[in-house]
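Engineer: Sharing a structure with you now.
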Amino acid sequence: MKRNINIPVEVDQNKRKMTEPGEKCEEKPEPLPWDQRLDELAKIMKNSRPLNEGKKIVSERSAIFLSLDLEMWERNPSRLTEIGIAIYDPSDQPPKTSKSAFPVIKAGHYIVKENFNCYNGRFVPDHKCHFSYGQSLVLSTKDCRRTLDDIVEHYKMKARQGNRTLILVGHDVKGDVSLLRKNGFQFEDFKIIDTLGLWKANPSAEFGALAKVLKYLNIPHGLLHNAGNDAYLTLQLMLCLCDPEYRKLKDLDGVIGPPAEKGKRRPEKSSRYSTADEAVELFIG
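When you line the sequence shown up against the UniProt record's numbering, it's residues 1 to 285, in that order.
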């Protein structure tokens with residue numbers, strides 16, 4: 001005669017989750033030790049400092065921002081091929097009474113004459129002839145130095161006259177400054193806002209390449225690895241990251257997930273079938 005035997009069910013006391021006999025209970029993760037938690041907190045506070053300072057400077061319009069980007073020859077990184085600069089001057093912006101809200105950004109792109117025939121394309125795209133925000137100029141290294149010096153001096157003087165500061169902006173910009181100095185440019189020390197540092201202020205940001213950050217924030221971009229384009233877009237990125245309302249809109253102080261993998265479509269997240277009514281409702285609200 002068969003007997004019905006009731007086998008007791010195991011209970012995970014941490015999660016109060018019922019499990020089958022023999023099945024391993026999910027253990028509640030142990031909290032990090034205090035020293036590790038303090039290290040994480042210190043890291044977050046350190047990264048937040050430049051972000052908070054950047055927000056203050058941008059909102060007060062107390063500085064002129066000069067964005068810089070360089071391109072080097074991929075086969076010999078000591079050879080400078082392009083210099084890109086972009087300027088955001090609050091005094092050049094439309095007055096508050098104006099109907100225009102789009103920021104006025106001046107951009108320049110200079111191709112080094114001596115290295116004009118040094119083309120990239122094997123490891124990074126070559127877009128030296130695809131400047132999107134004006135006309136590229138081919139200059140000798142000497143003229144590049146003079147041009148950069150004169151532009152910097154002009155905006156330093158303009159900043160002093162308005163009791164403001166000239167701030168250097170870039171994406172991992174310290175590397176660009178170092179390369180300029182190695183190529184004979186007398187580039188002085190500036191107060192710096194690094195957009196990579198602003199982006200990394202969120203500890204959950206898992207990536208930092210300029211193209212991936214622009215894509216994540218839906219900032220229109222293209223033809224990157226042209227120094228002029230990169231400088232212009234880096235300046236746009238800085239303005240977005242230092243804008244409290246934009247940060248709320250993009251939930252930049254929440255959890256930032258990884259971008260879609262290059263070359264792989266993710267239709268389940270990036271697109272879906274819908275109707276006109278829903279599309280209009282989503283766009284207009």
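Backbone N, C-alpha and C define an ideal beta-carbon position, used for all residues, glycine too. Values in this document were obtained by computation on a predicted structure and should not be read as measured data.
#1: Mapping DSSP to helix, strand and coil, what is ASP149?
#2: Spatial neighbours of HIS225 within its chain, please: C-beta separation below 8 Å, excluding the five flanking residues on both sides.
#3: Taking one C-beta from the segment 145-158 and one from the segment 171-178 each time, how about it: are there three or more such pairs within less than 8 Å?
#4: Would you call HIS154 buried or exposed, if buried means 16 or more other Cβ atoms sit within 10 Å of its Cβ?
#5: Below 8 Å between beta carbons: does that hold for LEU198 and PRO50?
#6: What residue from ASP189, TYR110 and ALA231 has the CA that sits closest to LEU137's CA?
#7: Quick check on DSSP: helix, strand or coil for ILE105?
#8: Would ILE64 and ILE87 qualify as a contact pair, given that the criterion is a beta-carbon distance under 8 Å?
#9: Can you find the residues in the same chain that come closer than 8 Å, C-beta to C-beta, to LEU233, ignoring five residues on each side of it along the sequence?
#10: When burial is assigned at 16 or more other CB atoms within 10 Å of the CB, is SER67 buried or exposed?
#11: Check the DSSP bridge columns for LYS191 and list the partner residues they point to.
#12: Cβ atoms of GLY208 and LEU217: under 8 Å apart, would you say?
#13: Just verifying my parser: in three-state terms, what is the DSSP assignment at ASP230?
#14: I need the DSSP call for ASN76, collapsed to helix, strand or coil.
#15: Tell me the residue span of the alpha helix (DSSP H) that contains VAL173.
#16: Determine which residues share a DSSP beta bridge with GLY84 and list them.
#17: Reducing DSSP to helix, strand and coil, say where VAL58 ends up.
#18: Between which two residues does the alpha helix (DSSP H) carrying LEU214 extend?
#19: Could you tell me which residues DSSP puts in a beta bridge with LEU224?
#20: Between ASN183 and the rest of its own chain, which residues show a CB-CB distance below 6 Å, the 5 nearest in sequence each way excluded?
#21: Does the distance from the C-beta atom of SER140 to that of LYS113 stay below 8 Å?
#22: What residues in its chain sit with their C-beta under 6 Å from that of LEU237, if we drop five residues either side in the sequence?
#23: Just how far apart, CA to CA, sit GLY134 and GLY108?
#24: If you draw a straight line from the C-alpha of ALA159 to the C-alpha of HIS171, how long is it?
Structural biologist: Taking the structure as given:
#1: Counted from its first residue, the sequence shown places residue 149 at position 149. Here ASP149 sits in helix by DSSP.
#2: In the sequence shown, residue 225 corresponds to position 225, counting from 1. The residues are GLU71, ASN120, VAL124, PRO125, ASP126 and HIS127.
#3: no
#4: Translated into positions along the sequence shown, residue 154 becomes position 154. Classification of HIS154: exposed, given that the 10 Å Cβ count is below 16.
#5: One-based indexing of the sequence shown puts residue 198 at position 198. One-based indexing of the sequence shown puts residue 50 at position 50. Yes, Cβ-Cβ distance for LEU198 and PRO50 is below 8 Å.
#6: Numbered from its first residue, the sequence shown carries residue 137 at position 137. The shortest Cα separation from LEU137 among ASP189, TYR110 and ALA231 belongs to TYR110.
#7: Counting from one through the sequence shown, the residue named residue 105 turns up at place 105. ILE105: coil per DSSP, three-state reduction.
#8: Walking along the sequence shown from the start, residue 64 turns up at place 64. Walking along the sequence shown from the start, residue 87 turns up at place 87. For ILE64 and ILE87, yes; Cβs fall inside 8 Å.
#9: Mapped onto the sequence shown, residue 233 falls at position 233. Within the same chain, LEU233 has close Cβ partners LEU210, LEU214, ILE219, HIS221 and LEU224.
#10: Working through the sequence shown from its first residue, we reach residue 67 at position 67. Counting Cβ neighbours within 10 Å, SER67 comes out buried, since at least 16 surround it.
#11: As a first step, residue 191 is located in the sequence shown; it is residue number 191 there, counting from the start. For LYS191, which the question treats as bridged, DSSP gives the partners ILE167.
#12: For the purposes of this step, residue 217 is taken as residue 217 along the sequence shown, with counting starting at 1. For the purposes of this step, residue 208 is taken as residue 208 along the sequence shown, with counting starting at 1. Contact: no.
#13: Taking the first residue of the sequence shown as position 1, residue 230 is located at position 230. Helix at ASP230.
#14: On the sequence shown, position 76 is the one that residue 76 refers to. DSSP places ASN76 in strand when its eight states are reduced to three.
#15: Here residue 173 refers to the residue found at position 173 when the sequence shown is read from its first residue. Segment 173-182, the alpha helix (DSSP H) holding VAL173.
#16: For the purposes of this step, residue 84 is taken as the residue at position 84 of the sequence shown. Looking at the DSSP assignment, GLY84 forms a beta bridge with ASP69 and HIS109.
#17: Numbered from 1 along the sequence shown, position 58 holds the residue referred to as residue 58. Three-state DSSP puts VAL58 in a helix.
#18: Taking the sequence shown and counting its residues from 1, one reaches residue 214 at position 214. Unbroken alpha helix (DSSP H) run through LEU214: 210-216.
#19: Within the sequence shown, numbered from 1, the residue matching residue 224 stands at position 224. Answer by DSSP bridge pairing: none, since LEU224 is not bridged.
#20: Residue 183 sits at position 183 when you count from the first residue of the sequence shown. Hits under 6 Å: LEU80.
#21: One-based indexing of the sequence shown puts residue 140 at position 140. One-based indexing of the sequence shown puts residue 113 at position 113. Closer than 8 Å, so yes.
#22: By one-based count along the sequence shown, residue 237 stands at place 237. Hits under 6 Å: THR195.
#23: Within the sequence shown, numbered from 1, the residue matching residue 134 stands at position 134. Within the sequence shown, numbered from 1, the residue matching residue 108 stands at position 108. For GLY134 and GLY108, the distance between alpha carbons rounds to 7 Å.
#24: Position 159 of the sequence shown, counted from the first residue, corresponds to residue 159. Position 171 of the sequence shown, counted from the first residue, corresponds to residue 171. Whole-angstrom Cα-Cα distance: 23 Å.
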